[in-house]
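Below is one structure, written out as structure tokens; comments come after it.
Numbering (my numbering), first residue to last: 492 to 914.
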């Protein structure tokens with residue numbers, strides 16, 4: 492729910508029209524549309540509305556129960572006969588009777604109060620579930636987004652290498668025409684160009700499918716869709732570290748575990764209340780003309796209901812609910828420990844990914860220098876064309892690994908923020 496307030500507030504109101512018309516999106520705009528259109532989030536929102544209706548329904552149990560009845564009869568003979576002075580009087584042959592009563596619970600074993608508390612817990616739990624769904628859906632949005640970034644960066648690398656090969660091919664063909672090299676060298680360059688073209692097809696197909704997946708996820712039209720990003724900036728993991736035990740309670744998963752324990756506590760009270768006395772008061776109004784005389788009267792009453800034999804099985808039902816209560820508490824403890832381990836794993840993954848980026852940076856720098864040297868050596872005639880082509884391939888591989896490492900780090904950074912309750 493907090494994500495919706497963040498992304499769909501004033502900013503969304505001011506730019507929603509532009510977003511609808513545009514086809515190029517930033518990451519934040521992708522998140523905005525995801526929150527607005529994603530089917531899973533809509534489902535969670537409807538479930539929250541359902542929980543709110545259940546809470547309102549539970550609140551009506553505080554009100555009196557009002558009921559009305561009415562009956563009309565016409566018998567073949569009087570249903571009541573009286574002997575009077577040697578004459579038989581036949582009464583209640585036809586007529587109408589009706590009434591209305593209102594009953595107000597005074598004490599229901601605490602079930603009305605606890606039922607309302609339980610319904611409120613249900614609403615709160617559903618809100619946490621909505622927040623959790625938003626976290627997971629937005630994280631998936633980032634996953635698709637950075638996959639697209641990675642594939643687009645690979646296309647940029649292919650463009651640069653293709654330009655190098657076109658320049659190299661012109662030089663090689665000129666050298667072949669001059670009789671300085673054999674046709675085999677020309678074929679090597681052509682084969683390398685074909686290899687790049689094949690790689691481009693694979694990357695473009697992957698990019699097309701990933702864009703369609705993101706658009707379906709966002710609920711937008713994939714026609715002409717593209718993303719924009721300024722740079723693959725990275726924040727050091729050291730700036731993101733937190734005490735995992737301290738932020739555990741901020742996680743929606745932990746809040747749901749807490750609400751589960753609270754719900755089981757209330758369910759125990761409700762179960763105990765089922766076997767307590769029930770007290771109610773009421774009033775009513777009655778009317779009939781069965782004696783051929785219009786008769787009406789009011790009535791007030793009080794009822795006390797004490798379950799006696801219900802305790803025979805009720806004691807076991809209460810014990811069962813106490814067991815469920817203990818199960819919920821044990822589950823909270825067990826899942827809390829698992830959540831702490833998950834946070835540590837996410838931290839380890841983020842730190843490892845950051846180190847992989849640094850290694851990839853060094854590899855790109857080395858591959859770039861290696862290609863520069865091989866170009867100079869090739870011009871000087873001290874290395875073969877194969878060596879130069881290998882140097883270009885090595886640069887492509889290191890750039891691709893760098894792109895994959897950076898986008899993987901950005902995703903794992905977001906994952907760490909999510910599992911520490913800060914996403």
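The beta-carbon is built from N, C-alpha and C at its ideal position, and this holds for glycine as well.
Own chain partners of residue i with C-beta closer than 6 angstroms, once the 5 adjacent residues on each side are dropped
i: residue 897; result: 723, 848
i: residue 456; result: Summary: the structure shown does not reach residue 456, with the chain confined to residues 492 through 914, and so no result is reported for it.
i: residue 790; result: 775
i: residue 602; result: 761, 764
i: residue 893; result: 851, 855
i: residue 672; result: 666
i: residue 728; result: 841, 842, 845
i: residue 805; result: 766
i: residue 684; result: 656
i: residue 904; result: 841
i: residue 559; result: 591
i: residue 507; result: With a pLDDT of only 42 at residue 507, under 50, the local geometry of the prediction cannot be trusted, and the value read off the model is given with reservation. Hits under 6 angstroms: none found.
Cut-off 7 angstroms between Cβ atoms - residues of its own chain near residue i, not counting five sequence neighbours on either side
i: residue 499; result: With a pLDDT of 41 at residue 499, under the threshold of 50, the modelled position of this residue cannot be trusted; read the value that follows with caution. Answer for residue 499: 523, 526, 527, listed in chain order.
i: residue 648; result: 887, 890, 891
i: residue 788; result: 777
i: residue 514; result: 715, 716, 717
Among the options, nearest to residue i - alpha-carbon criterion
i: residue 593; options: 811, 793, 904; result: 793
i: residue 739; options: 828, 901, 671, 861; result: 828
i: residue 830; options: 624, 736, 895; result: 736
i: residue 645; options: 693, 669, 623; result: 693
i: residue 640; options: 900, 910, 908; result: 900
i: residue 531; options: 727, 910, 789, 624; result: 624
i: residue 795; options: 768, 757, 908; result: 768
i: residue 857; options: 890, 703, 702, 657; result: 890
i: residue 519; options: 599, 550, 721, 727; result: 721
i: residue 797; options: 779, 521, 825, 600; result: 600
i: residue 743; options: 538, 866, 618, 719; result: 618
i: residue 551; options: 537, 607, 538; result: 607
i: residue 613; options: 873, 748, 843, 909; result: 748
i: residue 859; options: 598, 651, 643, 538; result: 651
i: residue 785; options: 638, 586, 846, 801; result: 586
i: residue 642; options: 832, 696, 812, 745; result: 696
i: residue 561; options: 909, 800, 780; result: 780
i: residue 979; options: 810, 675, 597, 746; result: No answer is possible for residue 979: the residues shown for the chain start at 492 and end at 914.
i: residue 689; options: 653, 783, 664, 661; result: 653
i: residue 547; options: 589, 799, 883, 611; result: 611
i: residue 615; options: 660, 809, 535; result: 535
i: residue 658; options: 866, 902, 873; result: 866
8 angstroms contact criterion, which residue i and residue j should meet: CB distance rounded
i: residue 565; j: residue 760; result: About 51 angstroms; that fails the 8 angstroms criterion.
i: residue 699; j: residue 706; result: Residue 699 to residue 706, Cβ: 11 angstroms. No contact.
i: residue 730; j: residue 837; result: With a Cβ gap of about 15 angstroms, residue 730 and residue 837 do not count as contacting.
i: residue 630; j: residue 909; result: 6 angstroms
Spatial neighbours of residue i in its chain, beta-carbon cut-off 8 angstroms, leaving aside the 5 residues before and after
i: residue 529; result: 628, 708, 709, 710
i: residue 733; result: 911, 913
i: residue 756; result: 816
i: residue 609; result: 549, 754, 757, 758, 761
i: residue 704; result: 635
i: residue 773; result: 555, 592, 593, 594, 595, 791, 792, 793, 794
i: residue 916; result: Outside the shown range of the chain, which is 492 to 914, sits residue 916, and nothing can be said about it.
i: residue 719; result: 515, 516, 517
i: residue 741; result: 911, 912, 913
i: residue 674; result: 667
i: residue 664; result: 677
Residue i: CB within 7 angstroms of a non-hydrogen atom of the ligand NAD
i: residue 771; result: Because no ligand of any kind appears in the structure shown, any question about the ligand NAD cannot be addressed here.
Every unbroken alpha helix (DSSP H) inside the stretch 807–894 [4 residues or more]
Runs of the alpha helix (DSSP H) lying entirely within the stretch 807–894, each at least 4 residues long, are absent.
Pairs of beta-carbons, one from the stretch 586–601 and one from the stretch 536–549, closer than 8 angstroms: are there three or more?
When C-beta atoms of the stretch 586–601 are compared with those of the stretch 536–549, fewer than three pairs fall below 8 angstroms, so the two segments do not count as touching.
Continuous beta strand (DSSP E) assignments of at least 3 residues falling wholly in the stretch 782–806:
Runs of the beta strand (DSSP E) spanning 3 or more residues and lying entirely within the stretch 782–806 occur at 786–796, in chain order.
Does the stretch 634–642 come close enough to the stretch 545–559 to have 3 or more Cβ pairs within less than 8 angstroms?
Contact between the stretch 634–642 and the stretch 545–559 is absent: fewer than 3 CB-CB pairs across the two stretches fall below 8 angstroms.
Which whole runs of the alpha helix (DSSP H) in the stretch 677–740 are 4 residues long or more, in chain order?
Runs of the alpha helix (DSSP H) inside the stretch 677–740: 735–738.
Cβ contact (3+ pairs, closer than 8 angstroms) linking the stretch 671–679 and the stretch 866–880
Note that the stretch 671–679 touches the stretch 866–880; at least 3 beta-carbon pairs, one per stretch, sit closer than 8 angstroms.
Whole beta strand (DSSP E) elements within the stretch 529–575, 3-residue minimum:
Complete beta strand (DSSP E) runs here, min 3: 556–565, 571–575.
Complete alpha helix (DSSP H) runs within the stretch 627–655 (minimum length 4 residues, chain order):
Listed in chain order, nothing qualifies, since the stretch 627–655 has no complete alpha helix (DSSP H) run of 4 or more residues.
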